[in-house]
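Residue numbering for the sequence shown follows the UniProt record's numbering, beginning at 1 and increasing consecutively. Input: a single structure, listed below in structure tokens.
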Amino acid sequence: MSPGVTFEATSGLADEMENLDVSSNSADDAKDGEESTPGEAAETNMSTALSDLTRRADALLADLAAFKDYLKTVKQESSVEMAHFRGTVQSELTMLGRLAIQPDSEAARHVARSSNLPFLETVWNVAKASNDLVALQKRIYFDPSGTKGYDANSGQATINGRPKRSRHNSTIVDVIANGGRSWTKVSLVTNNRIVFDLAKQGWCSGGSDSEDEDFKSPDRDDDHDIPLVKIARELASAARTLRVRTQHPTVTLILPRLEPDGRPEIEAIVKECRSLGVSIVHGKDVPTHQPINDVVSSMMFNPFESFTKTINVDCTLLLALVSEFSHAKVRQEPWFHKALNRQVEIEDNENLLPSLLYPAMRNRRLVSTTEAVDRMREIVSTIGTPSEKARSAILLGEDVSKSPQQLTDEMQQWSAYEVPSTWLLPIKVVDANGSASDAGLPEVANQVLHGQTSINKSVFLYGWSHGITTITSNRTVVKEIETRFNKFEDLDDATWPRIWLCPTARSLVGKEKRGAKKDGGKGAWPLPDSLRREQQRRHGLDVLSVREGNEVADLRPNGYDYADVIAAKLESER
């Protein structure tokens with residue numbers, strides 16, 4: 001309690017204490033304050049009660065499954081941490097199933113009175129009323145000695161980029177939403193539970209006419225707060241020492257069973273919590289059940305819906321858009337680096353273009369800076385396969401006589417996947433020089449991008465200065481930008497650049513090293529005729545290059561005949 005708030009001892013509260021039922025007290029907030037009306041246990045059919053709890057637990061799991069399915073459709077399945085919460089619900093359901101075998105047992109009667117399910121349902125109702133959900137029942141680690149950055153995904157304060165974990169300086173937040181900037185804690189504490197906690201601490205109500213003088217006690221330190229105030233103080237402390245996108249998270253306590261109106265001692269506790277900067281929601285203002293299909297799209301936004309009409313494409317995704325890994329069913333090769341083999345595995349599971357990049361770019365004008373395009377051309381020219389070079393030329397519209405539809409049709413000949421007509425080719429090359437000064441970027445821009453390569457500066461400054469979405473798979477640079485931003489305080493959202501980080505990357509297949517181990521396996525399968533011809537031509541060129549001792553010029557752009565390739569390969573193996 002605050003040092004200035006004290007209580008006077010009278011017999012009023014002591015008399016009330018005699019009628020309290022605190023038998024269901026537990027260290028777990030979820031079970032604090034569980035009560036039953038007189039005779040309820042005797043009148044309630046345990047089997048019916050357990051069946052009802054089981055039905056509700058099943059419904060909650062069904063909601064979670066529906067939300068998970070939605071996350072998959074918007075490619076955000078890894079964006080919300082809810083495995084622990086789902087596991088807790090599943091454990092509750094399993095326990096209910098075991099107790100249903102003996103519904104009249106003492107254990108069954110206890111669970112029917114003090115099940116954790118009402119708490120879990122309240123947490124989920126709060127989550128369904130939230131926007132941009134990040135996590136459920138997340139432990140947040142913080143450093144009480146100062147303000148640090150906060151990663152909404154890791155839930156950890158960071159010092160010099162290294163997470164600092166201490167269970168003593170941590171707190172559990174039931175719902176983290178608004179991209180990490182909204183923290184909510186649920187407690188099923190009741191009026192009677194708070195009165196009991198006050199009595200245990202020696203707080204008693206008085207008879208003064210003044211409300212401020214009605215509750216007095218000697219000054220105490222924070223260790224003598226009642227549990228609800230301790231929770232509020234802990235959450236407020238964590239929020240003060242952490243920042244999400246340069247701002248402190250807001251903290252809310254959801255108290256569905258608390259009715260402070262007309263109860264001065266309860267109102268005083270609520271006032272104490274609010275004085276710590278914690279919002280209190282209780283009674284009828286607590287979010288109630290909503291059908292999952294009505295709210296799922298607001299719980300997690302489809303990131304593509306917020307993209308601007310023009311998209312700025314980073315070099316990393318330019319390479320992904322022409323890579324053999326993205327367009328063909330590539331098999332692992334003995335000469336592949338382990339990172340390339342990993343990309344083969346990932347692509348087999350997710351199909352980057354049709355599942356992610358094509359939807360992201362749908363019906364949007366595509367641009368890329370001169371520096372990014374030059375670097376992409378350099379890489380493709382150096383290690384790209386002929387098919388990757390062909391796709392690069394199509395992507396950038398190097399043949400200016402071809403229409404967008406012709407480019408799309410031509411790209412289809414080089415892809416194992418359907419190329420949508422909504423992919424607006426070609427990508428326009430833009431000059432980033434002078435864009436920063438012309439657009440009047442915020443002062444933090446140069447500090448945030450200080451030390452970046454000229455390519456990265458051109459890409460991110462261009463998108464930032466023009467207010468358009470930049471898409472990239474360069475996780476290192478994006479995380480560095482976020483880290484530098486978090487050194488500032490209370491920046492407006494409009495200050496931040498629009499950046500979408502693609503969760504996966506693709507590199508070029510590259511060229512086989514001379515003397516690499518052979519196992520007779522083919523590199524790609526099954527491919528359209530054009531890609532199969534290209535694969536044959538590439539192997540033929542490799543064979544001829546080895547035989548000649550130097551790289552052989554590609555003089556047959558239409559590809560070698562299959563028989564010629566086989567003959568050359570057999571000749572090289574003699």
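Glycine included, C-beta positions come from ideal geometry on N, C-alpha and C. It should be emphasised that the depicted structure is a prediction, and the values quoted were computed from it without experimental measurement.
Whole angstroms are fine: how far does the CA of residue j sit from the CA of residue i?
i	j	result
residue 89	residue 60	8 angstroms
residue 157	residue 246	With a pLDDT of 45 at residue 157, under the threshold of 50, the predicted position of this residue should be treated as unreliable, and no value is reported.
residue 78	residue 173	19 angstroms
residue 292	residue 378	49 angstroms
residue 318	residue 72	24 angstroms
residue 405	residue 359	18 angstroms
residue 443	residue 57	52 angstroms
residue 321	residue 509	13 angstroms
residue 238	residue 483	19 angstroms
residue 501	residue 475	7 angstroms
residue 228	residue 105	33 angstroms
residue 121	residue 277	26 angstroms
residue 182	residue 305	22 angstroms
residue 99	residue 55	14 angstroms
residue 195	residue 255	15 angstroms
residue 380	residue 495	35 angstroms
residue 480	residue 473	13 angstroms
residue 286	residue 131	16 angstroms
residue 457	residue 325	27 angstroms
How should residue i be labelled, buried or exposed, when 16 other C-beta atoms within 10 angstroms of its C-beta is the threshold for buried?
i	result
residue 398	exposed
residue 431	exposed
residue 575	Since the first residue of the chain shown is 1 and the last is 574, residue 575 is not available in this structure.
residue 92	buried
residue 202	exposed
residue 260	buried
residue 575	A question about residue 575 goes unanswered here, because the residues of the chain that appear run from 1 up to 574.
residue 290	exposed
residue 84	exposed
residue 466	buried
residue 422	exposed
residue 264	exposed
residue 383	exposed
Counting along the chain, where does the alpha helix (DSSP H) carrying residue i start and finish?
i	result
residue 326	324-327
residue 430	From DSSP, residue 430 is part of no alpha helix (DSSP H) but of the beta strand (DSSP E) over 428-430.
residue 449	Element bounds for residue 449: n/a, residue is neither H nor E.
residue 177	Premise fails: residue 177 lies in the beta strand (DSSP E), 170-177, not in any alpha helix (DSSP H).
residue 457	454-466
residue 281	No alpha helix (DSSP H) contains residue 281, which is instead part of the beta strand (DSSP E) from 278-282.
residue 235	227-241
residue 275	264-275
residue 392	386-395
residue 193	191-200
residue 360	358-361
residue 298	292-299
What are the boundary residues of the beta strand (DSSP E) that residue i is part of?
i	result
residue 131	No beta strand (DSSP E) contains residue 131, which DSSP labels as neither H nor E.
residue 54	Not the beta strand (DSSP E): residue 54 falls in the alpha helix (DSSP H), residues 46-73.
residue 368	365-369
residue 313	310-313
residue 255	250-255
residue 501	499-501
By DSSP, does residue i sit in helix, in strand, or in coil?
i	result
residue 581	Because the chain spans 1 through 574 in this model, residue 581 falls outside it and cannot be assessed.
residue 185	strand
residue 413	coil
residue 244	strand
residue 529	With a pLDDT of only 45 at residue 529, under 50, the local geometry of the prediction cannot be trusted, and the value read off the model is given with reservation. DSSP places residue 529 in helix when its eight states are reduced to three.
residue 101	coil
residue 472	strand
residue 378	helix
residue 305	helix
residue 106	helix
residue 81	strand
residue 372	helix
residue 433	coil
residue 639	Summary: the structure shown does not reach residue 639, with the chain confined to residues 1 through 574, and so no result is reported for it.
residue 485	helix
residue 422	coil
residue 398	coil
residue 116	coil
residue 259	coil
residue 403	coil
**Touch test, the region 269-276 against the region 226-236, Cβ-Cβ under 8 angstroms, three pairs minimum** = In short, these stretches touch, since the Cβ pair count reaches three.
**Item:** Contact the region 309-323 vs the region 362-372: 3+ CB pairs below 8 angstroms
**Value:** The way I'd put it, the region 309-323 does touch the region 362-372; three or more beta-carbon pairs between them come closer than 8 angstroms.
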